[in-house]
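Novice:
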Amino acid sequence: MTDSDDIEEWSTRFAVLSDPTRLRLVSYMHEKSGATVAELAAAVGITDNAASQSLRALRARGWVETTKSGRTVHYRVVADAIVHRILHDIMGAEHRHD
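Numbering-wise (full-length UniProt numbering), the sequence shown opens with residue 1 and increments by one.
1. Please report the straight-line C-alpha distance between Asp89 and Thr12, rounded to a whole angstrom.
2. Between Ala50 and the rest of its own chain, which residues show a CB-CB distance below 8 Å, the 5 nearest in sequence each way excluded?
3. What separation, rounded to the nearest whole angstrom, lies between the Cα atoms of Ser54 and Asp48?
4. Using only the alpha-carbon positions, how far apart do Ala43 and Asp3 sit?
5. Report the option in Ile7, Asp19, Ser27, Glu65 whose CA atom is closest to the CA atom of Val83.
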């Protein structure tokens with residue numbers, strides 16, 4: 001039987017991945033690390049405000065980190081190894097080497 005802590009971790013992963021906007025953002029950031037809110041919003045077809053809200057939720061769960069360059073904030077995904085495998089093995093995600 002799976003331990004209760006494992007169930008909670010899986011539940012959290014699935015909750016994050018179940019939102020289409022968050023999943024699109026995670027997938028895009030996985031491929032292109034260091035994007036701004038505007039770049040992410042344009043890439044996944046949402047408003048900057050919607051991207052910001054989803055990024056805030058991802059940061060709160062520890063899935064996204066930021067770096068600042070002057071006044072510009074760049075986002076990158078830092079999901080755990082299991083999510084990384086989900087992105088590759090199930091979704092077919094690839095890394096870009098820009």
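Cβ coordinates follow ideal geometry from the N, Cα and C atoms, glycine included.
Being a predicted model, the structure only gives us computed values, none of them experimental.
Specialist: Judging by the given coordinates:
1. Counting from one through the sequence shown, the residue named residue 89 turns up at place 89. Counting from one through the sequence shown, the residue named residue 12 turns up at place 12. Taking the straight line joining both Cα atoms gives about 19 Å.
2. Walking along the sequence shown from the start, residue 50 turns up at place 50. These residues qualify, in order along the chain: Thr21, Ala41.
3. Numbered from 1 along the sequence shown, position 54 holds the residue referred to as residue 54. Numbered from 1 along the sequence shown, position 48 holds the residue referred to as residue 48. Cα to Cα, the separation comes out at about 10 Å.
4. Indexing the sequence shown from 1 puts residue 43 at position 43. Indexing the sequence shown from 1 puts residue 3 at position 3. The straight-line gap from Cα to Cα measures roughly 38 Å.
5. Residue mapping note: residue 83 aligns to position 83 of the sequence shown, counting from 1. Val83 has its Cα closest to that of Ser27, out of Ile7, Asp19, Ser27, Glu65.
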